[in-house]
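K.L.:
The structure follows.
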Amino acid sequence: MKFRNMNWAPYLLLLPSFVYLILFFGWPMVQALGLAFRRDSQILPLRAEPAVEEAAVTGELERGTTVEVLDVEVFETQRAGGLLTDRVFWLEVSGTDPEGETITGWVLRGQVFVADASRSNEGAVRANSVTLRAEPAQSAEAVAELPRGTEVDILEWGKTENRIAADGLLQKPQNWLLVSGETAEGEAVEGWVERAPIFVEDATISATGRVQAGEGSKEWTLDYVKRMVRDAKFSQSLRTTVILILLILPVQFVLAIIMALVLQSQIKFSSLFLYIYAIPLGISDLAAGLVWYTIFTQSGYLNSLLQSLGLIDRPFIFISSANKEWIILAIVLAEIWRATSIVMVIVVSGLQAIPRDYLEAGELFGASLWQRLRHIILPLLKPSLQVALILRTILAFQVFAVVVAISGGDVITVLANEAYRWYDIGAYNNKNVAAAYSGFIMLLSLGVAVFYLRAVRTQEEREAAG
Amino acid sequence: MTTTPTTQTAAPLPRVRVRDLPVEQQRAIRARQLRRAGTYAVAIAVALWILLPIWLIGTLAFSAPADVRAYPKQAAPIPFSTETMEFFLNAEGVLPATRNSIVVAGLTLLLSTAISAPAGYAIARYFFRGRDAYRLSILAVRAFPIVILAVPLAVTFRTVGIYDEVYSVALMHTALTLPTTILVVSSVFASVPRELEEAAKVFGCNAVEAFWRVVLPLALPGVAASAIFTFVMSWNEVFAAVVLTLENRTLPALILYNLDKSGDPFKFAGGFFMLVPSLIFIFFVRRYLFNMWGQITK
Chain A
190 MKFRNMNWAP YLLLLPSFVY LILFFGWPMV QALGLAFRRD SQILPLRAEP AVEEAAVTGE
250 LERGTTVEVL DVEVFETQRA GGLLTDRVFW LEVSGTDPEG ETITGWVLRG QVFVADASRS
310 NEGAVRANSV TLRAEPAQSA EAVAELPRGT EVDILEWGKT ENRIAADGLL QKPQNWLLVS
370 GETAEGEAVE GWVERAPIFV EDATISATGR VQAGEGSKEW TLDYVKRMVR DAKFSQSLRT
430 TVILILLILP VQFVLAIIMA LVLQSQIKFS SLFLYIYAIP LGISDLAAGL VWYTIFTQSG
490 YLNSLLQSLG LIDRPFIFIS SANKEWIILA IVLAEIWRAT SIVMVIVVSG LQAIPRDYLE
550 AGELFGASLW QRLRHIILPL LKPSLQVALI LRTILAFQVF AVVVAISGGD VITVLANEAY
610 RWYDIGAYNN KNVAAAYSGF IMLLSLGVAV FYLRAVRTQE EREAAG
Chain B
-17 MTTTPTTQTA APLPRVRVRD LPVEQQRAIR ARQLRRAGTY AVAIAVALWI LLPIWLIGTL
43 AFSAPADVRA YPKQAAPIPF STETMEFFLN AEGVLPATRN SIVVAGLTLL LSTAISAPAG
103 YAIARYFFRG RDAYRLSILA VRAFPIVILA VPLAVTFRTV GIYDEVYSVA LMHTALTLPT
163 TILVVSSVFA SVPRELEEAA KVFGCNAVEA FWRVVLPLAL PGVAASAIFT FVMSWNEVFA
223 AVVLTLENRT LPALILYNLD KSGDPFKFAG GFFMLVPSLI FIFFVRRYLF NMWGQITK
């Protein structure tokens, strides 16, 4: 290699890929760590006194904590030149903080979602004006306008359904009120209006609520990691993932070596066999899961076969919480079926790199297949097998859709599935714990790679010494 | 492994019947035939192990819904019916999701190929400082669980405002496929003889022309194979897709999300529908498989 004339061309050619991987590989890793270890605006401080900005903080509650409402105080502030009194509710609540201690303190009404505020039937408009609508929806036809301060009777409380907004975020159900009141012209009108711009008099507040807002700074925390580890599903998913790896990999490697030897044995139609053996390379884990679901489901092919052979007289339920072993078996078979091809391809490339003379020499001296395998092929194949082993183990830590497709992901769960469930808006909706799972899977993969590489090196050293 | 085609026994002699040979040779030939039969038996058994489950789900996908729910199940789609498949394709969201999947996979193919082709060419053709380090880090990234990074990426996408967009899934899938594509494309370029490129330059092409007129046409089949494989990887990917989308689901994300809400006909037809492209695409790229994956061991 000569560097007399520095050639910039290769660096320019590499630049796009480099930038891309920084953006979509490097950055998400940093982001994952940030999410897993940095707390952001999820913590609600409780104050020693109501309505005092600088009141001492008695403790902090995590978002989502259930609290008991002990007391309510209402503070009136004059707004808009004294035309309207704004009422601010402070609640004294008690709840359990992340460390497990019960703390008591004051918070603003809006920071705690109170499930059933009892519904009064009198209120007033507190926004500049509100539009009454024919239906409880923003898009509905406008009926009338009510100016600020108009007193209204609340005829009915309504709630919208859960829905997904245009920006993709889940919208909480909104409260709508059917109100009647007088317009500025003195005309009596009736229509639906959103809850927020209406001040409801004397709404008493129920005894329990849930922390839904918070303030706070970015700070390092182990809370999310602790939460992940303490979750009952954590050890369960870790155990299942490891069990799957231990059950799948050995069979997979034996099968892959057999497939590779068959392909290398110069049989007829070998290109057809290669095609068939390679098909699973292109099959997704979800499709593979569904394929094996057809076999193991209650009215599936396995039961059909057993029944037609007369071995059972009614279908056996393989996939149920009582038969976890059967679910594991189905997943193991599906993974072996789907993911052995990758190992096979790597092994075949390794075999092709073995000089033919070695194999022919073995054959010439009358070595049996097993002897050749044991003393010639496997030792020369070792580098390929190591790479395949690292690759397959790391891929196995990400196993996801196969498990969900076969078991629904509830009875039997794996790490990636837990990451998804914590992330899922319909489930736990906690991106921090989900990121902690991501980080954990990354760490495991890294650990496995380092472990394998070191094991290989010490073995080589031992061989060199011996 | 069990036989070598042209060795001592067979060569130029006139046809010899086995039973005329000495006993040891007879025995050796019998043993060889037996081994050969064994090899075929194993080869066919493995092929059946792979094909049979595909046949079974295909059977269900092309049986009438009543037959799909029936028990015990039939082993062949008789009577043949496209009703279940039609039901799946007409189910809410399936066609848009299929379109999304094709768009995502297409974008991923374009982006991934556009970025990896120059990088692969650089690794294959130039010697430069940091080449080995770059190759090694690509190998490391290749083995990394990139898919898991969809979770933090989704949070970033929300802040940036490109969450639940078809192209943002393609961005993630490009990151996912890029390391593999770079390695494959570089091995494809490396297999184009350097002499041809040099000859083109001797005859007056500049570097760009030489690449365009000589290297690219020769490398095109390999690059196309890698592009097809990229397409399949993206078409199949489900974790990142389900994390990064809500309404604009890709097909696997839609099916996964609706698994617990849908009946068996939907699942079976969906499973079969998803695996059809791989049956076709693998056929076209099978010659390049070892280029693609063999690479990784070097």
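Protein sequences appear in the order of chains A and B. Quick note: the first sequence uses the working numbering, first residue 190, plus one each step. Quick note: the second sequence uses the working numbering, first residue -17, plus one each step. Just so it is clear, CB atoms sit at the ideal spot from N, CA and C, and this is done for glycine as well.
1. What residue does the beta strand (DSSP E) around glycine 223 (chain A) start on, and which one ends it?
2. Are the segment 313 to 333 of chain A and the segment 376 to 383 of chain A touching by the rule of at least three beta carbon pairs closer than 8 Å?
3. Could you tell me the alpha carbon to alpha carbon distance between isoleucine 264 (chain B) and leucine 257 (chain B), rounded to whole angstroms?
4. Flag threonine -14 (chain B) as yes if its beta-carbon sits less than 8 Å from any beta-carbon of chain A, otherwise no.
5. Taking the beta carbon of glycine 676 (chain A) as the centre, do at least 16 other beta carbons fall within 10 Å, making it buried, or is it exposed?
6. Keeping to the same chain, check which residues put their C-beta closer than 6 Å to that of arginine 416 (chain A); ignore five residues upstream and five downstream.
7. Tell me the rounded alpha-carbon separation between threonine 232 (chain B) and valine 214 (chain B).
8. Between isoleucine 583 (chain A) and isoleucine 130 (chain B), how many whole angstroms is the CB-CB distance? I'm expecting something under 8 Å.
9. Beta carbon of alanine 313 (chain A), beta carbon of glutamate 340 (chain A): below 8 Å?
10. Please confirm whether glycine 253 (chain B) and isoleucine 39 (chain B) have their CB atoms less than 8 Å apart.
11. DSSP on glycine 489 (chain A), reduced to helix/strand/coil?
12. Contact criterion: CB-CB distance below 8 Å. Does serine 426 (chain A) meet it with respect to chain B?
13. For glycine 471 (chain A), would you say it is in contact with chain B, using Cβ-to-Cβ distances shorter than 8 Å as the test?
14. Can you confirm whether isoleucine 278 (chain B), when its beta carbon is compared against all beta carbons of chain A, has any partner nearer than 8 Å?
15. From the DSSP output, which residues share a beta bridge with tryptophan 381 (chain A)?
16. Closest by CA to serine 98 (chain B), which one among A:Val208, A:Val246, A:Gly215 and A:Leu500?
17. Pick helix, strand or coil for serine 509 (chain A), following the three-state DSSP scheme.
18. For the candidate residues A:Ala585, A:Glu238 and A:Met218, whose alpha-carbon lies nearest to that of arginine 428 (chain A)?
19. List the residues of chain A that arginine 268 (chain B) touches, going by C-beta distances under 8 Å, in chain order.
20. Three or more C-beta pairs closer than 8 Å, one from the segment 135 to 154 of chain B and one from the segment 65 to 79 of chain B: is that the case here?
21. Can you tell me the Cα-Cα spacing of phenylalanine 192 (chain A) and isoleucine 120 (chain B), whole angstroms?
22. Looking only at its chain, what residues have a beta carbon closer than 6 Å to the beta carbon of glutamate 345 (chain A), apart from the 5 residues adjacent to it on each side?
23. Measuring straight from C-alpha to C-alpha, what distance separates isoleucine 278 (chain B) and isoleucine 237 (chain B)?
24. Cutting at 6 Å between CB atoms, please list the residues of its own chain near alanine 251 (chain B), excluding the five before and the five after it.
25. Select from A:Leu491, A:Thr293 and A:Gln441 the residue whose C-alpha is nearest the C-alpha of leucine 34 (chain B).
26. Can you tell me whether proline 239 (chain A) is buried or exposed? The criterion is at least 16 other CB atoms within 10 Å of its CB, across all chains shown.
27. Quick one: grab the DSSP three-state call for serine 329 (chain B).
28. Can you tell me whether histidine 155 (chain B) is buried or exposed, with buried defined as 16 or more other CB within 10 angstroms of its CB?
29. Check the Cβ-Cβ distances between tryptophan 515 (chain A) and every residue of chain B, and say whether any is below 8 Å.
30. With a threshold of 8 Å on Cβ separation, who are the neighbours of lysine 513 (chain A) within its own chain once the five nearest residues in sequence on each side are excluded?
31. Would you say proline 100 (chain B) lies against chain A (beta-carbon separation less than 8 Å)?
32. So the alpha helix (DSSP H) leucine 438 (chain A) belongs to, where does it begin and stop?
33. Could you say which of B:Val267, B:Phe272, B:Thr80 and B:Leu198 lies nearest to glutamate 179 (chain B) if we only look at CA atoms?
34. Counting only C-beta atoms, is glycine 597 (chain A) closer than 8 Å to chain B at any point?
35. Tell me which residue opens and which closes the alpha helix (DSSP H) that threonine 138 (chain B) is part of.
36. Any C-beta of chain A sitting closer than 8 Å to the C-beta of methionine -17 (chain B)?
P.N.:
This is what the structure gives:
1. Glycine 223 (chain A) -> not in any beta strand (DSSP E); alpha helix (DSSP H) instead, spanning 216 to 226.
2. Contact annotation: the segment 313 to 333 of chain A touches the segment 376 to 383 of chain A, with at least three C-beta pairs closer than 8 Å.
3. Going from the Cα of isoleucine 264 (chain B) to the Cα of leucine 257 (chain B) covers about 11 Å.
4. Unreliable positioning characterises threonine -14 (chain B) in this predicted model, as indicated by a pLDDT of 47, which lies under 50. A coordinate reading is not provided.
5. This structure cannot settle anything about residue 676 (chain A), because the visible part of chain A is limited to 190 through 655.
6. Val622, listed in sequence order.
7. Going by the C-alpha atoms only, they are around 13 Å apart.
8. About 10 Å; that fails the 8 Å criterion.
9. It is a contact, given that the beta carbons lie within the stated cut-off.
10. Result yes, Cβ atoms of glycine 253 (chain B) and isoleucine 39 (chain B) sit closer than 8 Å.
11. Coil, per DSSP.
12. Not closer than 8 Å to any Cβ of chain B, the Cβ of serine 426 (chain A) fails to qualify, so no.
13. Closer than 8 Å: yes.
14. Low confidence applies to isoleucine 278 (chain B): its pLDDT is 46, below 50, so where it sits in the model is not reliable, and the reading given next is rough at best. Closer than 8 Å: yes.
15. The partner list for tryptophan 381 (chain A) (beta bridge, DSSP) reads A:Arg322 and A:Leu367.
16. For serine 98 (chain B), the closest alpha carbon among the candidates A:Val208, A:Val246, A:Gly215 and A:Leu500 is that of A:Val208.
17. In the structure shown, the three-state DSSP call for serine 509 (chain A) is coil.
18. Measuring from the Cα of arginine 428 (chain A), the nearest candidate turns out to be A:Ala585.
19. Think of a sphere of 8 Å around the beta carbon of arginine 268 (chain B): the chain A residues whose beta carbon falls inside it are Ser460, Leu463, Tyr464 and Ala467, in chain order.
20. Short answer: they don't touch.
21. In this predicted model, phenylalanine 192 (chain A) has a pLDDT of only 48, less than 50, meaning its place in the structure is not dependable enough to derive any value.
22. Counting only Cβ-Cβ distances below 6 Å, and skipping sequence neighbours, we find Leu367.
23. Note that isoleucine 278 (chain B) scores a pLDDT of 46, beneath 50, so its modelled location is shaky; the value from the coordinates is reported in the next line. Rounded to whole angstroms, isoleucine 278 (chain B) to isoleucine 237 (chain B) spans 32 Å at the Cα level.
24. Excluding residues within five positions, the ones whose Cβ falls inside 6 Å are Ala43, Thr66, Met67 and Phe70.
25. For leucine 34 (chain B), the nearest C-alpha among the options comes from A:Leu491.
26. Looking at its Cβ environment, which holds 16 or more other Cβ atoms inside 10 Å, proline 239 (chain A) is buried.
27. Lying before the first or after the last residue shown, residue 329 (chain B) is absent from chain B, which here runs from -17 to 280.
28. By the neighbour-count rule (16 or more Cβ atoms within 10 Å), histidine 155 (chain B) is buried.
29. No - not a single Cβ of chain B is within 8 Å of the one on tryptophan 515 (chain A).
30. The beta carbon of lysine 513 (chain A) sits closer than 8 Å to the beta carbons of Val600 and Ile601 from its chain, once the five residues preceding and following it are set aside; these are given in chain order.
31. Closer than 8 Å: yes.
32. Run containing leucine 438 (chain A): 421 to 453, per the alpha helix (DSSP H) assignment.
33. Of the candidates B:Val267, B:Phe272, B:Thr80 and B:Leu198, the one whose C-alpha sits nearest the C-alpha of glutamate 179 (chain B) is B:Leu198.
34. Yes, its Cβ sits closer than 8 Å to a Cβ of chain B.
35. For threonine 138 (chain B), the enclosing alpha helix (DSSP H) begins and ends at 132 to 142.
36. Low confidence applies to methionine -17 (chain B): its pLDDT is 43, below 50, so where it sits in the model is not reliable enough to give any reading.
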